[in-house]
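First comes the structure, then the notes that go with it.
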Amino acid sequence: MKKQIAILGSTGSIGTQALQVIKEHNELFEAYCLTANNRVKELAQQAREFKPAAVVIANEDKYEELKALLSDMPDIKVYAGKQALNEIVEAQPIDMVLTAMVGFAGLTPTIHAIKAHKKICLANKETLVVAGELICRLANEYHAPILPVDSEHSAIFQSLIGEGDNEIEKILLTASGGPFRNYTIDQLANVTKADALKHPTWNMGAKITIDSASMMNKGFEVIEAKWLFGVPAEKIQVLIHPQSIVHSAVQFTDGAVKAQLGVPDMRLPIQFAFTYPDRLHLSEDRLDLFKQPLEFFEPDLKKFRCLALAFEAIKQGGNMPCIVNAANETVNRGFLEDKCSFMAMSDIIEKTMSRVTFCNNADYDTYVATDAEARRVAQELMNNQ
Numbered sequence: 033m034k035k036q037i038a039i040l041g042s043t044g045s046i047g048t049q050a051l052q053v054i055k056e057h058n059e060l061f062e063a064y065c066l067t068a069n070n071r072v073k074e075l076a077q078q079a080r081e082f083k084p085a086a087v088v089i090a091n092e093d094k095y096e097e098l099k100a101l102l103s104d105m106p107d108i109k110v111y112a113g114k115q116a117l118n119e120i121v122e123a124q125p126i127d128m129v130l131t132a133m134v135g136f137a138g139l140t141p142t143i144h145a146i147k148a149h150k151k152i153c154l155a156n157k158e159t160l161v162v163a164g165e166l167i168c169r170l171a172n173e174y175h176a177p178i179l180p181v182d183s184e185h186s187a188i189f190q191s192l193i194g195e196g197d198n199e200i201e202k203i204l205l206t207a208s209g210g211p212f213r214n215y216t217i218d219q220l221a222n223v224t225k226a227d228a229l230k231h232p233t234w235n236m237g238a239k240i241t242i243d244s245a246s247m248m249n250k251g252f253e254v255i256e257a258k259w260l261f262g263v264p265a266e267k268i269q270v271l272i273h274p275q276s277i278v279h280s281a282v283q284f285t286d287g288a289v290k291a292q293l294g295v296p297d298m299r300l301p302i303q304f305a306f307t308y309p310d311r312l313h314l315s316e317d318r319l320d321l322f323k324q325p326l327e328f329f330e331p332d333l334k335k336f337r338c339l340a341l342a343f344e345a346i347k348q349g350g351n352m353p354c355i356v357n358a359a360n361e362t363v364n365r366g367f368l369e370d371k372c373s374f375m376a377m378s379d380i381i382e383k384t385m386s387r388v389t390f391c392n393n394a395d396y397d398t399y400v401a402t403d404a405e406a407r408r409v410a411q412e413l414m415n416n417q
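Structure follows, in structure tokens:
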């Protein structure tokens, strides 16, 4: 029997690469459901090629267009809206759900998938950033395994296989440093979105590429690692590694360091999440260590203040990471729309952290309310700058 996979965010970078994996191993996997937010034409094209049982467009205004594009394919059910996303992941035939949606929007459908006892292949880091404690509790309660898809967390996971209860002394979380690694603070004041979107090693969507440039993405990955591997933030060290070859590593109490290396290609961690504990052939480039050196540098927290703010959010706990995520999503979009400068993003996030209602013991409703309040505050700050 082929494993049935639901891909939340199938038209994005992770989603399209996941479909490449499914295509390469079509004897093992099948796309049961594909979803997108607004990209109707791309979603319809994917549906024609992979013939899923269902497609969902989150933006209800796009429903009629999608329905028309697939009118000659009656076997594919067409749905729209956020509630449809929540319901489709509960479908009985689904074996695993790849959560590749961007931002806070991935939280609720992930919770529904967990409660339906689905295997979660987690590429939506904001789910654990916003509600890590809740997600981990639900995953344990409903016996829903969570396998990381982020290249860094997949590398950590792979490094821990076979280690049993051996104590982790330190997690070494690598970061490319983005396009502005060697910029001064004065130079950062004048960067444009075009500059920020030129990532040196990874080909990603606009939102995550900007987060990589500001290093907020790495801050979120620290929070994600804390929940995935049960390691406090003070045991997670961020290393700038421009070559993006060492995807991350784990140091144990005897001083041994285990790392996972590979070319910068997301298909490997996607496929490993699908096939664990098995490794299957993947037709990608192979790593050649003769071609380049491996360099590591300490991040500059004064220059990349977003990373420092993420560590502060972990320290405060409660709903503070949720506040930071909502503010970041707001300023990230503002920067892409030329409404906010690169350096102003961290200023607005920091001010939002001090103005939004803090709650130490948050539940799902608290996270939803916090997200809305933080977005409103960040938007007001951005409008008034």
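Add 32 to the 1-based position in the sequence shown for this note's numbering, that's all there is to it. Built from N, CA and C at the ideal position, the CB exists for glycine as well.
- Query: Can you tell which of S246, I37, G209, A257 has the C-alpha that lies nearest to the C-alpha of I277?
  - Reply: As a first step, residue 277 is located in the sequence shown; it is residue number 245 there, counting from the start. Per the Cα distances, G209.
- Task: Taking the CB atoms as reference points, tell me whether V121 and C65 lie closer together than 9 angstroms.
- Result: Indexing the sequence shown from 1 puts residue 121 at position 89. Indexing the sequence shown from 1 puts residue 65 at position 33. Taking 9 angstroms as the Cβ cut-off, V121 and C65 qualify as a contacting pair.
- Give the range of the alpha helix (DSSP H) segment to which F261 is assigned. For this step, residue 261 is matched to residue 229 along the sequence shown. 248 to 261 is the extent of the alpha helix (DSSP H) around F261.
- Would you kindly report the start and end of the unbroken beta strand (DSSP E) that includes Y215? To locate residue 215, count along the sequence shown from 1; it is residue 183. Run containing Y215: none; DSSP gives neither H nor E here.
- Task: Give every residue of the same chain whose Cβ lies closer than 7 angstroms to the Cβ of R299, excluding the five residues on either side of it in the sequence, and list them in chain order.
- Result: Here residue 299 refers to the residue found at position 267 of the sequence shown. Counting only Cβ-Cβ distances below 7 angstroms, and skipping sequence neighbours, we find Q49, Q52, V53, L314, E316.
- Query: Just reading off the beta strand (DSSP E) that P180 is part of, what are its end residues?
  - Reply: By one-based count along the sequence shown, residue 180 stands at place 148. Counting along the chain, the beta strand (DSSP E) containing P180 begins and ends at 178 to 180.
- Hey, is S246 close to the ligand SAM, as in C-beta under 8 angstroms from one of its heavy atoms? This structure lacks the ligand SAM, and indeed carries no ligand of any kind.
- Item | H279, enclosing beta strand (DSSP E) - first and last residue | Here residue 279 is taken as the residue at index 247 of the sequence shown, counted from 1. Counting along the chain, H279 sits inside the beta strand (DSSP E) bounded by residues 278 to 284.
- Message: Rounded to the nearest angstrom, what separates G194 and P309 at their Cα positions?
- Response: Locating residue 194 in the sequence shown gives position 162, counting from the first residue. Locating residue 309 in the sequence shown gives position 277, counting from the first residue. C-alpha separation (whole angstroms): 11 angstroms.
- Starting from the Cα of N156, find the closest Cα among Q115, G47, G196 and give me that residue. Position 124 of the sequence shown, counted from the first residue, corresponds to residue 156. The option with the nearest alpha carbon to N156 is G47.
- In or out: L319 buried (at least 16 other Cβ within 10 Å) or exposed? Residue 319 sits at position 287 when you count from the first residue of the sequence shown. Exposed is the call here.
- Could you tell me which residues DSSP puts in a beta bridge with F329? Position 297 of the sequence shown, counted from the first residue, corresponds to residue 329. Answer by DSSP bridge pairing, in chain order: I272.
- Could you spell out where the beta strand (DSSP E) holding F61 opens and where it closes? Here residue 61 refers to the residue found at position 29 when the sequence shown is read from its first residue. Start and end: 61 to 68.
- Task: Would you please state the rounded distance, in angstroms, between the beta carbons of F328 and L271? I believe it to be under 8 angstroms.
- Result: In the sequence shown, counting from the first residue as 1, residue 328 sits at position 296. In the sequence shown, counting from the first residue as 1, residue 271 sits at position 239. Yes, F328 and L271 are in contact; Cβ-Cβ is about 5 angstroms, under 8 angstroms.
- Would you say T398 and C391 are within 9 angstroms of each other, going by their C-beta atoms? Against the sequence shown, residue 398 aligns to sequence position 366. Against the sequence shown, residue 391 aligns to sequence position 359. Taking 9 angstroms as the Cβ cut-off, T398 and C391 qualify as a contacting pair.
- With V88 and L117 assumed to form a contact (beta carbons below 8 angstroms), what rounded beta-carbon distance in angstroms separates them? For the purposes of this step, residue 88 is identified with residue 56 of the sequence shown, where counting begins at 1. For the purposes of this step, residue 117 is identified with residue 85 of the sequence shown, where counting begins at 1. Going by Cβ atoms, the distance from V88 to L117 rounds to 6 angstroms, so yes, they are a contact pair.
- Message: So for Y174, helix, strand or coil by DSSP?
- Response: The residue given as residue 174 occupies position 142 in the sequence shown. Coil.
- Query: Around the C-beta of M128, are 16 or more other C-beta atoms found within 10 angstroms, so that it is buried, or is it exposed?
  - Reply: For the purposes of this step, residue 128 is taken as residue 96 along the sequence shown, with counting starting at 1. So M128 counts as buried.
- Message: For M385, list the residues DSSP reports as bridge partners.
- Response: Position 353 of the sequence shown, counted from the start, is the residue given in the question as residue 385. Paired residue(s): none; M385 is not in a bridge.
- Indicate whether the contact test is met: 3 or more Cβ pairs, each with one atom in the stretch 197 to 206 and one in the stretch 249 to 268, closer than 8 angstroms. yes
- Message: Judging by CA-CA distance, which residue of F374, A410, R387, V409 is the nearest neighbour of I217?
- Response: Position 185 of the sequence shown, counted from the first residue, corresponds to residue 217. The option with the nearest alpha carbon to I217 is F374.
- M352 lies in the alpha helix (DSSP H); which residues open and close that run? Indexing the sequence shown from 1 puts residue 352 at position 320. Residues 352 to 368.
- Who are the near neighbours of N198 in its chain, counting only those whose CB is closer than 8 angstroms to its CB and skipping five residues on each side? Locating residue 198 in the sequence shown gives position 166, where the first residue counts as 1. Around N198: F284, T285.
- Task: Would you list the residues sitting across from C153 in a DSSP beta bridge?
- Result: Indexing the sequence shown from 1 puts residue 153 at position 121. Paired residues: L130, L179.
- Item | As assigned by DSSP and simplified to three states, the class of K202 | Within the sequence shown, numbered from 1, the residue matching residue 202 stands at position 170. Strand, per DSSP.
- Item | Nearest-angstrom Cβ-Cβ length linking S280 and A187, presumed shorter than 8 angstroms | Start at 1 with the first residue of the sequence shown, and residue 280 comes out as number 248. Start at 1 with the first residue of the sequence shown, and residue 187 comes out as number 155. With a Cβ gap of about 4 angstroms, S280 and A187 count as contacting.
- Item | Between the CA atoms of T241 and V282 - distance to the nearest angstrom | On the sequence shown, residue 282 is found 250 positions in, with the first residue counted as 1. On the sequence shown, residue 241 is found 209 positions in, with the first residue counted as 1. Between V282 and T241, the C-alpha separation is close to 25 angstroms.
- Name the DSSP bridge partner or partners of Y111? Position 79 of the sequence shown holds residue 111. Bridge partners of Y111: V88.
- Task: Please classify D104: is it buried, with 16 or more other beta-carbons within 10 angstroms of its beta-carbon, or exposed?
- Result: Within the sequence shown, numbered from 1, the residue matching residue 104 stands at position 72. Result: exposed.
- Item | Proximity of M248 and L339 at Cβ, strictly below 9 angstroms | In the sequence shown, counting from the first residue as 1, residue 248 sits at position 216. In the sequence shown, counting from the first residue as 1, residue 339 sits at position 307. In contact: M248 and L339 (Cβ atoms closer than 9 angstroms).
- Query: Taking the alpha-carbon positions, what's the A100 to F261 distance?
  - Reply: Here residue 100 is taken as the residue at index 68 of the sequence shown, counted from 1. Here residue 261 is taken as the residue at index 229 of the sequence shown, counted from 1. For A100 and F261, the distance between alpha carbons rounds to 45 angstroms.
- Through-space distance from A76 to I108, alpha-carbon basis: In the sequence shown, residue 108 corresponds to position 76, counting from 1. In the sequence shown, residue 76 corresponds to position 44, counting from 1. Their Cα atoms are separated by approximately 10 angstroms.
- Message: So if DSSP puts Q36 in a beta bridge, which residue, or which two residues, is it bridged to?
- Response: The sequence position of residue 36 within the sequence shown is 4, counting from 1. Under DSSP, Q36 shares a beta bridge with E62.
- Endpoints, beta strand (DSSP E) assigned at Q124: As a first step, residue 124 is located in the sequence shown; it is residue number 92 there, counting from the start. Element bounds for Q124: n/a, residue is neither H nor E.
- Query: Residues in its own chain within less than 8 angstroms of T159 by CB, not counting five upstream and five downstream?
  - Reply: Position 127 of the sequence shown, counted from the start, is the residue given in the question as residue 159. Taken in chain order, the residues that qualify are T131, G138, L139, T142, I167.
- Query: Alpha carbon to alpha carbon, how far is E62 from K35?
  - Reply: Within the sequence shown, numbered from 1, the residue matching residue 62 stands at position 30. Within the sequence shown, numbered from 1, the residue matching residue 35 stands at position 3. Cα-Cα distance, rounded: 6 angstroms.
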